[in-house]
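Structure, as structure tokens:
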Amino acid sequence: MKVLVIGAGNMGLTYATGMSKSKLLKKGNIMVLDKSKEKLEEVGKIAYFDAIDKLEDCVPQADIIFLAVKPYHSEELFQRMKKLVNPEQLFISIMAGVTINFIQESLGVKKVVRAMPNLPAQVGKGLTSYVSAEEVSRLELFMVEGLLDTTGKSLRVKNEKYIDASTGISGSGPAYVFYFMQSMMEAALQMGFSENVSKVLVSQTFTGAVELFNQNNLNPDTWMEMVASKGGTTRAALDSMEDNNVNELIKEAAFAAFGRAVELGEEY
Numbered sequence: 000m001k002v003l004v005i006g007a008g009n010m011g012l013t014y015a016t017g018m019s020k021s022k023l024l025k026k027g028n029i030m031v032l033d034k035s036k037e038k039l040e041e042v043g044k045i046a047y048f049d050a051i052d053k054l055e056d057c058v059p060q061a062d063i064i065f066l067a068v069k070p071y072h073s074e075e076l077f078q079r080m081k082k083l084v085n086p087e088q089l090f091i092s093i094m095a096g097v098t099i100n101f102i103q104e105s106l107g108v109k110k111v112v113r114a115m116p117n118l119p120a121q122v123g124k125g126l127t128s129y130v131s132a133e134e135v136s137r138l139e140l141f142m143v144e145g146l147l148d149t150t151g152k153s154l155r156v157k158n159e160k161y162i163d164a165s166t167g168i169s170g171s172g173p174a175y176v177f178y179f180m181q182s183m184m185e186a187a188l189q190m191g192f193s194e195n196v197s198k199v200l201v202s203q204t205f206t207g208a209v210e211l212f213n214q215n216n217l218n219p220d221t222w223m224e225m226v227a228s229k230g231g232t233t234r235a236a237l238d239s240m241e242d243n244n245v246n247e248l249i250k251e252a253a254f255a256a257f258g259r260a261v262e263l264g265e266e267y
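So for the sequence shown, numbering that gives the first Met the number 0 puts the first residue at 0; every next one is plus one.
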């Protein structure tokens, strides 16, 4: 089985690197294509990738093709690819907003999987939600899940609506966490801590809280109550967040990302 990754950006290389460790693939069976000479030079230094700059030299050879380009490049790419693909090939798209139907019609193929990864995939802690066209077999879905899991965890969803919804939660979600972390670090600096100490205070707090959450079956409300005693410091912080409607603002932000994902899908 040969895999082609089209697009050597952050996520394309993340998946290529993850898949290179998969038992489903033999060494040397991953091709990476990009039009940037600088990117290809970078890829060429990695022993287990074949760096390629022409579609003709890699698309016909591939069994699975990862589409990891920016959505606005998809139409031009598909026009160039269409004459090179065949019905037996499986396509996995991580292009935000680009629908399965658009890919099928643009390339004249049926076997398409649409996936939404997130940035922690770069450190093997990603979450990729995915959905497939009906033409993708159970065996092929098993392979897809195995490849996606090389960057963390994968989650199969019912339909493309949930891909858009997961964009608002897990896809864009790391940025919300970083936003909260940045605010806490700024507060720590204003309290007199150094930048390095502020980073340790905040990062370890997040790491510890997530680990507690993952190792137990308690919901966030219960954990908050365990930390916050009546009249104490944590209660003062939580009361301030409630007074400032932070809960609703976070949900509004997630729905804003969800709505934008739907809008992008209407373009394709």
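Heads up, the beta-carbon is just placed ideally off N, CA and C, and yes, glycines get one too.
Spatial distance of Val143 from Glu210 (CA atoms): Locating residue 143 in the sequence shown gives position 144, where the first residue counts as 1. Locating residue 210 in the sequence shown gives position 211, where the first residue counts as 1. Those two C-alpha atoms are separated by around 28 Å.
Neighbourhood of Gln60 by C-beta, 7 Å cutoff - its chain only, sequence neighbours within 5 removed: Your numbering for residue 60 matches position 61 in the sequence shown. The answer, listed in chain order, is Lys1.
For Val108, three-class secondary structure by DSSP: The residue you call residue 108 lines up with position 109 of the sequence shown. Coil, per DSSP.
Proximity below 7 Å, CB of Ala7 to CB of Asp33: For this step, residue 7 is matched to residue 8 along the sequence shown. For this step, residue 33 is matched to residue 34 along the sequence shown. In contact: Ala7 and Asp33 (Cβ atoms closer than 7 Å).
Short Cβ contact (7 Å threshold) for Ala260 with Asp163: Within the sequence shown, numbered from 1, the residue matching residue 260 stands at position 261. Within the sequence shown, numbered from 1, the residue matching residue 163 stands at position 164. For Ala260 and Asp163, yes; Cβs fall inside 7 Å.
Which of helix, strand or coil DSSP assigns to Lys198: Stepping through the sequence shown from its first residue, residue 198 is reached at position 199. The answer is helix: DSSP assigns Lys198 an H, G or I state.
Per DSSP, the bridge partner or partners of Leu126: Residue 126 sits at position 127 when you count from the first residue of the sequence shown. In DSSP, Leu126 forms a bridge with Lys152.
Backbone CA spacing between Phe177 and Gln214 [nearest angstrom]: In the sequence shown, residue 177 corresponds to position 178, counting from 1. In the sequence shown, residue 214 corresponds to position 215, counting from 1. Each residue's Cα considered, the two are about 23 Å apart.
Residue from Gly230, Lys25, Asp52 with nearest C-alpha to Glu37: In the sequence shown, counting from the first residue as 1, residue 37 sits at position 38. Among Gly230, Lys25, Asp52, the Cα nearest to that of Glu37 belongs to Asp52.
For Ile45, the three-state DSSP class (helix, strand or coil): Walking along the sequence shown from the start, residue 45 turns up at place 46. Coil, per DSSP.
Where Leu270 falls: helix, strand or coil (DSSP): Since the displayed the chain opens at 0 and closes at 267, residue 270 lies outside it and no answer follows.
Within 7 Å, strictly: CB atoms of Gly107 and Lys82: Here residue 107 is taken as the residue at index 108 of the sequence shown, counted from 1. Here residue 82 is taken as the residue at index 83 of the sequence shown, counted from 1. Result no, Cβ atoms of Gly107 and Lys82 do not sit closer than 7 Å.
Met180 versus Ser171, Leu200, Tyr161, residue with shortest Cα-Cα distance: Counted from its first residue, the sequence shown places residue 180 at position 181. Per the Cα distances, Leu200.
Integer Cβ distance of Gly125 from Thr150, believed to fall under 8 Å: For the purposes of this step, residue 125 is identified with residue 126 of the sequence shown, where counting begins at 1. For the purposes of this step, residue 150 is identified with residue 151 of the sequence shown, where counting begins at 1. Indeed, because the Cβ distance is near 4 Å, the residues count as touching under 8 Å.
Cβ distance (whole Å) where Gln103 is taken to contact Ile64 below 8 Å: For the purposes of this step, residue 103 is identified with residue 104 of the sequence shown, where counting begins at 1. For the purposes of this step, residue 64 is identified with residue 65 of the sequence shown, where counting begins at 1. At roughly 13 Å, the Cβ-Cβ gap does not stay under 8 Å, so Gln103 and Ile64 are not in contact.
Beta-carbon proximity of Ser92 to Leu66, cut-off 7 Å: The residue given as residue 92 occupies position 93 in the sequence shown. The residue given as residue 66 occupies position 67 in the sequence shown. A contact, by the Cβ cut-off of 7 Å.
First through last residue of the alpha helix (DSSP H) which encompasses Ser239: Position 240 of the sequence shown, counting from 1, holds the residue named residue 239. Residues 232-242.
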